[in-house]
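For the sequence shown, my numbering assigns the number 6 to the initial residue and increments by one for each residue that follows. Every residue gets a Cβ at the ideal spot worked out from N, C-alpha and C, and that includes glycine. What follows is one structure encoded as structure tokens, with my remarks underneath.
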Amino acid sequence: MADTLVPPKEQFLREETIRGGMDLLLLTNIRHLKSADEKLVSVGLGRAHHRLMYVVSRRPGLAVAELLAILDVTKQSYQRVSHDLLGKGLLEQRQSERDRRQRLLYLTEAGRNLERELFDEMHGNVAQAYAASGGQAVAGFWTVLQNLIGAEGREQFRALQEP
6 MADTLVPPKE QFLREETIRG GMDLLLLTNI RHLKSADEKL VSVGLGRAHH
56 RLMYVVSRRP GLAVAELLAI LDVTKQSYQR VSHDLLGKGL LEQRQSERDR
106 RQRLLYLTEA GRNLERELFD EMHGNVAQAY AASGGQAVAG FWTVLQNLIG
156 AEGREQFRAL QEP
């Protein structure tokens, strides 16, 4: 892209370049999630609900404890969000057959449909950005993000990639 700013290669560790990267993360978060935020507000939900639905869509049958670790949230925070999703018929909890104390999470059909609607629009944004940037840039992007999330985050990322 002709209007894309790129720092000089030898200056990638300078404060202004690091701040520029942080600026991009902030603006990406705002712009990329804007349409999802609007849709969520229209059905009485927010980003916390979206994050929970997204992770459960990636890992149906995920245990509540695993979800808390991935999202790095407290049980109290989870309960507020899950209560809303359960009440709207978007999420269901099932008791594990192996360990009756464990609750497993699944999106209902309505939950899967809403999550898919939110994903489809964001998918288009990411696909367009990937196509405009090329494979080498995408690989670099993935590398930078994985280094930002640290070892524990990378383990969680790998777990989300498993079928």
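query, result
"Output yes or no for whether 7 Å exceeds the beta carbon distance between residue 95 and residue 115.", "yes"
"So what does residue 108 bridge to, in DSSP terms?", "100"
"Starting from the C-beta of residue 34, find all residues in its chain whose C-beta is less than 8 Å away, skip the five residues before and the five after it, and write them out in chain order.", "none"
"Which residue's Cα is closest to the Cα of residue 110: 123, 9 and 91?", "91"
"Tell me the rounded alpha-carbon separation between residue 119 and residue 82.", "21 Å"
"Based on the DSSP secondary-structure assignment, which residues constitute the bridge partners of residue 67?", "110"
"In angstroms, rounded to a whole number, what distance separates the CA positions of residue 156 and residue 162?", "10 Å"
"Going straight from the alpha carbon of residue 54 to that of residue 70, what length do you get?", "17 Å"
"Can you give, in chain order, each stretch of the alpha helix (DSSP H) that sits fully within the segment 14 to 95 and has at least 4 residues?", "20 to 37, 39 to 47, 52 to 63, 69 to 76 and 80 to 92"
"Using 10 angstroms around the beta-carbon of residue 41, count the other beta-carbons present and answer buried if the total reaches 16, otherwise exposed.", "buried"
"Apart from the five residues just before and just after residue 25, which ones in its own chain have a Cβ nearer than 8 Å to its Cβ?", "10 and 12"
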